[in-house]
Amino acid sequence: MSVGMAGGRALLVATLTAPPSPEVREIGGADWIEVRAEATGELDASWLRNRFRGGLIYGLGAGMSGEVRCRRLCAAREYDLIDLDGERDLVPEILEAIPRERRLISWHGPGEEHEDLRRRFERYAAAGAALIRLVPWAGVLTDGLAPLSLLKSLRRPDLVAYAAGDCGYWTRPLAARLGAPWFFGEASGREDGCSIRRAMEGGTPRRGARDSRPLDGRRKVIE
């Protein structure tokens, strides 16, 4: 499965945070499905493939650790990519079992400045991955500027960076315009910028494209 952009647009990733239902068919316009196994339970990848033609990502939440976590990550062989926590999963046992081309290294944490995020990216890139995802928490709107600034400065095809939280949702569509190869959206019925359905209905942003819709002046800060 390709992890690069599709025809100049960011690939759409629908994140499942609840046991799947007919909604799997409804998100058929997505390119990938991300399974959060701590919320969905263990899903049979073949069941998903019979209902979805795109790529599959397997991930675990922060609540599971130790040998059980290591065993479950290494056992998810039927998935195309395995989401690895950059702060605790980059250990020899896991890196030896999961080749570089099947690794999605992710970090979710408190807000960080541009240089802190850059150093974090370089450390994860040294470990080797198909894709690296950096998601700092945004307590205020301006906390979303650092990940967007990182995208704009590095322009790496293997980097996705955006902010989380109610003050960070606006960064996801902008991240795609600044070069992020993937757009992660929730498969739930959310109506904000985190919704995969909204992204599909509105068209996935293309790299370098400009959007005339207002964003309360936030875009002007990063241009």
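When you read off a place in the sequence shown, starting at 1, and then add 793, the result is the number in my numbering.
From the three backbone atoms N, C-alpha and C, an ideal C-beta is built for every residue, glycine too.
- Item | Completely contained alpha helix (DSSP H) runs for the segment 813-895, where each covers 4 or more residues | 816-819, 830-833, 838-842, 859-868 and 885-890
- Query: Can you give the Cα-Cα distance for R913 and P929, rounded to whole angstroms?
  - Reply: 11 angstroms
- Message: Please report the straight-line C-alpha distance between E860 and W840, rounded to a whole angstrom.
- Response: 27 angstroms
- Message: By the three-class DSSP mapping on this structure, what secondary structure does R802 have?
- Response: strand
- Along the alpha helix (DSSP H) that carries P950, what are the first and last residues, could you check? Element bounds for P950: n/a, residue is neither H nor E.
- Beta-carbon proximity of P974 to L804, cut-off 9 angstroms: yes
- Query: Which term fits A855, buried or exposed, when burial requires 16 or more other beta carbons within 10 angstroms of its beta carbon?
  - Reply: exposed
- Task: Report the three-state DSSP secondary structure of L971 (helix, strand or coil).
- Result: coil
- Message: If distances are taken between C-alpha atoms only, which option among W963, R948, V828 and L938 comes closest to F845?
- Response: V828
- Other residues of its chain near T964: CB distance less than 7 angstroms, five sequence neighbours each side excluded: G937, P940, L941, Y955 and A956
- Task: Please name the residue, chosen from S858, A811 and G847, that lies closest to E1044 on a Cα-to-Cα basis.
- Result: Absent from the model: residue 1044. The displayed extent of the chain is 794 to 1016, so no value can be given.
- Message: Quick check on T808: does DSSP put it in helix, strand or coil?
- Response: strand
- Item | Beta-carbon spacing of R746, A923 below 9 angstroms | Coverage of the chain is limited to positions 794 through 1016, which leaves residue 746 absent and any answer about it impossible.
- What did DSSP end up calling E979 once you bin it into helix, strand or coil? strand
- Query: What number of angstroms, rounded off, separates the C-alpha of L888 from the C-alpha of E871?
  - Reply: 17 angstroms
- Cβ-based neighbour list, L952, same chain, cut-off 6 angstroms, excluding 5 preceding and 5 following: I925
- Enclosing alpha helix (DSSP H) for D934 [first to last residue]: According to the sequence shown, residue 934 is Leu rather than Asp. Neither: L934 is in no alpha helix (DSSP H) and is coded neither H nor E.
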